[in-house]
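Trainee: Sharing a structure here in structure tokens format.
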Amino acid sequence: MPLAVEEQLTMRELLKDPIYKQWLKKMPSIGAAICPSGKPWRVWVQKRQGGNWARGDFETYRQAYDFMRWHLGLGVHDVALTCKIKEFRPPVVTDKSLPKRVIKVKGGPDRFVWRKRYHIPAQIGQNPLHEWCTYCRRPTIFTYFTRHHSHPQRVNGNERRCAICGIRLVAVRHYR
Ligand SMILES: [Zn+2]
């Protein structure tokens, strides 16, 4: 396995970020999206660094979240709580360190509002191949694979894929 994947931030590291931790705990909505299996939530578990990824699918987010927390408690190396059918953007936060945005009001005084930005948990010096995976709902390393645990067949080795769910980088929205 390429070294890059071994340098992926782990969920345990990501959860040290209080904003991300809070966001992950909150039940997300998948709206009207339909999952043919009826189990839209997938938990990926990697027991040991560089080892295989096991998976379990769940009907509800709460079931998947509890399963993920349970595995973290057991001391596994890494986990992800992936949505199989819908993309998610990162948490959005109000950033008071940025200058306020001006809203022109016709016939009245301008309004000033705080700016919002995406909040993606990160570490100084992390591997630059990390991207926000909209399906894994966390930053993961996107790199090149010819075989990937999420695909039964060989995959095109010229495309960057999420090291956990296997989605191609070109197929997901990009967030900074
Ligand atoms: Zn992914």
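The sequence shown lines up with residues 305 to 480 when you count with the numbering used here. Glycine included, each C-beta is placed from N, C-alpha and C at the ideal position.
#1: Would arginine 419 and arginine 405 be called neighbours here (beta carbons separated by less than 8 Å)?
#2: Output the distance between the C-alpha atoms of asparagine 356 and leucine 402, rounded to the nearest integer angstrom.
#3: Can you tell me whether isoleucine 468 sits near ligand 1, meaning its C-beta is under 7 Å from at least one heavy atom of the ligand?
#4: Please work out which residues of its chain come closer than 7 Å, Cβ to Cβ, to valine 397, disregarding the five sequence neighbours upstream and downstream, and give them in chain order.
#5: Taking the alpha-carbon of isoleucine 334 as reference, which of Cys387, Ser454 and Arg458 has the nearest alpha-carbon?
#6: Say yes only if the C-beta of isoleucine 407 is nearer than 7 Å to one or more non-hydrogen atoms of ligand 1, and no if none qualify.
#7: Are the beta-carbon atoms belonging to aspartate 361 and tryptophan 345 less than 8 Å from one another?
#8: Run the proximity test for cysteine 440: is its beta-carbon closer than 7 Å to any non-hydrogen atom belonging to ligand 3?
#9: If you reduce the DSSP assignment to three classes, tell me which class phenylalanine 416 lands in.
#10: Taking 7 Å as the cut-off, is the C-beta of cysteine 387 nearer than that to any heavy atom in ligand 1?
#11: Determine contact between the stretch 359–376 and the stretch 456–466, defined as no fewer than three beta-carbon pairs at a distance below 8 Å.
#12: Examine ligand 1 and report whether any of its heavy atoms sits within less than 7 Å of the Cβ of isoleucine 445.
#13: Could I get the ranges of all uninterrupted beta strand (DSSP E) runs contained in the stretch 362–437, with 3 residues as the minimum, in chain order?
#14: Do alanine 384 and methionine 331 have their C-beta atoms within less than 8 Å of each other?
#15: Could you tell me which residues DSSP pairs with arginine 359 in its beta bridges?
#16: When you measure from the CB of cysteine 437 to every non-hydrogen atom of ligand 1, does any distance come out below 7 Å?
Mentor: The relevant details are as follows:
#1: In this structure, arginine 419 places its C-beta atom within 8 Å of the C-beta atom of arginine 405.
#2: 42 Å
#3: yes
#4: Ile323, Lys420, Arg421 and His423
#5: Cys387
#6: Result no, Cβ not under 7 Å from ligand 1.
#7: yes
#8: Absence of ligand 3 is noted for the structure shown, with ligand 1 being the only ligands found.
#9: strand
#10: no
#11: no
#12: no
#13: List check, beta strand (DSSP E) in window: 382–387, 396–399, 405–407, 415–417, 419–422 and 434–437.
#14: Contact: no.
#15: Trp348
#16: yes
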